[in-house]
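Chains as they are written, first to last, in the working numbering: chain D, 750 to 1085; chain G, 750 to 1085.
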């Protein structure tokens, strides 16, 4: 059984994934992982994944385990957390632990092994975001879970171990510390100003127009004022809302998000071919209800190995690329 | 001029190092950096670094720029922050920025290009820690600085761009967010219990003896209860103290620390040959005075590329190696 442990000083939760346990000699340094070969995510290989929890066939939600799907969601075969069991919260002296109960799923974004999501029709990209929404809504019904992290690792340097385009979802019985800090920071601004800080950021960015990458009717992509890495980019809805699900209930919004996301990713890929990246959806906790002070968004963080250092471990970042320049490069990449 | 920027939600400070600015095409993916060749840190090449700020020759502190040094400290030739100027704190709408004023120094740990610090006599390793102490004390006198981060990147995967054994120091006009969270977490425990949480951790670890790697009269090395990565290891003084400098004023303490640190690193290297790692000194802010609730220590974080993923960007970690097992491997590595 995996285990969740809390750092007693920082309040940071860690998953100890015993099922993925290795001997020290397995931590081979700089050995590139073998990608390619047999792919369990490809159509026809459905029996090599755990049974699907959701799939769209002809844009209709189904559960079948056969082929002919457009987007397919399956449990991770090597999950960091497991779905069955109770939380078993307990102390070990001054430490806190609980069982590693949660869900770990893989969102297979397209059938073709070689497709890049952002090159597919916007209707297909919208199906991927619809899968995020539908899984979030379903997992919200499990009272053991407090947060669902949805993220994508693209490229080996960003931690992807499979080539076939996919994102992942982890449902957690605790709130990740980064989100707690974010909610607290946003709340303290709200108490002071009575306004959402992200709404203020969007207003200022649109007015200054120095760090805007692109935008459409409902969404905006910006280089944040204090980016951790070159070309870090956030995508936010222009209208206030703390929950991804609430905002993406209509097909119009899904298409609008898909369109702006694809546009942004194409710009990034044009500036830095084959860029490895992670993105993470920041949304409200499960069952929290609407939060006046928080604003859901995606944070896209390119993983450029040549600059990653001790920064990741200390929360202190050195970035050689001012966001105003990054935004300019991204703006001009497709417009010229 | 480099610039410090604060994320308005998280309070995270970022250095925008314009001097290190690159064009997008310079961010080449997966191109290994060229190490080796001419080394500016080697004896005889003293003129290729900025003038030294401190060196020990025959274990005596000197400033000379000639050879025959044992440990030498020089400003970084490509600094993330610069030493001259005022802070120029200002707002840009709702954002906060200031000039990137600070010090960025390189501690050259030994003259021989191929030496591994932990294999050198303990008296030599103690000189490196003495350099940390002496530079901390000197930089404390500059009222513009609030914190000095001392860290070592070892191995390319951990961000080292020079092969010659060295560590680095960055003096900052702000407190890094990770340290702020650590001070706050420790303080809230102290308010509740009237005891230092790290003292309680040491007591519990010594009593349970499940996660202790090694110890001597004054220091202890443990696998922390909630480690971010396999083989993460902390080194703490057994006696309470919040400041590295106060604790390392005597040669006895420097030798004791050097001895336990070398012992720990040899164990790590035995378990994972050529392990890339970062370590960071966590100590009190400059001029803070003794803090009852904080306890200085080193955090050693191996950088095992095969498991790094989106974790670094979200503060949420999945670790396949329980610390009890890591500690057992490390204990048995040299004892068997």
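The beta-carbon is built from N, C-alpha and C at its ideal position, and this holds for glycine as well.
{"Asked": "Kindly identify the DSSP beta-bridge partner or partners of residue 841/G.", "Found": "844/G"}
{"Asked": "Taking just the CA atoms, how far does residue 1046/D sit from residue 1008/D?", "Found": "15 Å"}
{"Asked": "Please classify residue 997/D as buried or exposed, where buried requires at least 16 neighbouring CB atoms within 10 angstroms.", "Found": "buried"}
{"Asked": "Between residue 995/G and the rest of its own chain, which residues show a CB-CB distance below 8 Å, the 5 nearest in sequence each way excluded?", "Found": "1039"}
{"Asked": "Using a threshold of 8 Å, state whether the C-beta atoms of residue 824/D and residue 974/D are closer than that.", "Found": "no"}
{"Asked": "Starting from the N-terminal side, write out each stretch of the beta strand (DSSP E) that is 3 residues or longer and does not extend beyond the region 886-935 of chain G.", "Found": "896-903 and 915-921"}
{"Asked": "Out of 913/D, 985/D, 991/D and 906/D, which has the shortest C-alpha to C-alpha gap to residue 1027/D?", "Found": "906/D"}
{"Asked": "Would DSSP call residue 964/D helix, strand or coil?", "Found": "strand"}
{"Asked": "Would you check if the distance between the CB atom of residue 989/G and the CB atom of residue 945/G is smaller than 8 Å?", "Found": "yes"}
{"Asked": "By how many angstroms is the C-alpha of residue 897/D removed from the C-alpha of residue 831/D?", "Found": "14 Å"}
{"Asked": "How is the beta strand (DSSP E) around residue 952/D delimited, first residue to last?", "Found": "Note, residue 952/D: premise wrong, no beta strand (DSSP E); alpha helix (DSSP H) at 946-957."}
{"Asked": "Quick check on residue 754/D: buried or exposed, where buried means 16 or more other Cβ atoms within 10 Å of its Cβ?", "Found": "buried"}
{"Asked": "Who are the neighbours of residue 953/D on chain G, taking C-beta pairs under 9 Å?", "Found": "841, 842, 843 and 844"}
{"Asked": "For residue 857/G, which residues from the same chain have a beta carbon less than 6 Å from its beta carbon, with the 5 sequence-adjacent residues on both sides left out?", "Found": "790, 821 and 915"}
{"Asked": "Tell me where the beta strand (DSSP E) around residue 852/G begins and ends.", "Found": "852-857"}
{"Asked": "To the nearest angstrom, report how far apart residue 838/G and residue 762/G are at their CA atoms.", "Found": "13 Å"}
{"Asked": "Can you look up residue 872/G in the DSSP assignment and give me helix, strand or coil?", "Found": "helix"}
{"Asked": "Spatial neighbours of residue 834/D within its chain, please: C-beta separation below 8 Å, excluding the five flanking residues on both sides.", "Found": "750, 848 and 850"}
{"Asked": "Nearest CA to the CA of residue 855/D: which residue from 919/D, 1024/D and 891/D?", "Found": "919/D"}
{"Asked": "Taking only beta-carbon atoms, is residue 859/D less than 8 Å away from chain G?", "Found": "no"}
{"Asked": "Where does residue 999/G land, buried or exposed, given buried means 16+ other C-beta within 10 angstroms?", "Found": "exposed"}
{"Asked": "Just to confirm before moving on: does the CB-CB distance between residue 979/G and residue 909/G stay below 8 Å?", "Found": "no"}
{"Asked": "Pop quiz: residue 993/G and residue 881/G are said to be a contact at Cβ under 8 Å. What is the actual Cβ separation, rounded to whole angstroms?", "Found": "7 Å"}
{"Asked": "Just reading off the beta strand (DSSP E) that residue 1031/G is part of, what are its end residues?", "Found": "1026-1031"}
{"Asked": "Locate the beta strand (DSSP E) running through residue 988/G, then write down its first and last residues.", "Found": "Premise fails: residue 988/G is in no beta strand (DSSP E) and is neither H nor E."}
{"Asked": "With burial defined as no fewer than 16 other Cβ atoms inside 10 Å of the residue's Cβ, what is the status of residue 863/G: buried or exposed?", "Found": "exposed"}
{"Asked": "Compare the C-beta of residue 783/D against all C-beta atoms of chain G and say whether one is closer than 8 Å.", "Found": "Residue placement at residue 783/D cannot be trusted, given a pLDDT of 49 that sits under 50; the coordinates are not used to answer."}
{"Asked": "In whole angstroms, what is the alpha-carbon distance linking residue 1037/G and residue 1029/G?", "Found": "19 Å"}
{"Asked": "To be precise: take each residue of the region 802-819 of chain D, compare its Cβ to all Cβ atoms of chain G, and keep it if any distance is under 8 Å. Which residues remain?", "Found": "none"}
{"Asked": "Which residues bound the alpha helix (DSSP H) around residue 1013/D?", "Found": "1000-1020"}
{"Asked": "Would you identify the three-state DSSP class for residue 1079/D, choosing helix, strand or coil?", "Found": "helix"}
{"Asked": "Thinking C-alpha only, which one of 826/D, 987/D, 807/D and 788/D is nearest residue 801/D?", "Found": "826/D"}
{"Asked": "Alpha carbons only, please: which of 888/D, 808/D, 954/D and 1004/D is nearest the one belonging to residue 966/D?", "Found": "1004/D"}
{"Asked": "Tell me the rounded alpha-carbon separation between residue 871/D and residue 752/G.", "Found": "39 Å"}
{"Asked": "Applying the 10 Å Cβ sphere with the 16-neighbour rule, what's the burial state of residue 1001/D?", "Found": "exposed"}
{"Asked": "Figure out for me which residue from 798/G, 873/G and 883/G has the closest Cα to the Cα of residue 811/G.", "Found": "883/G"}
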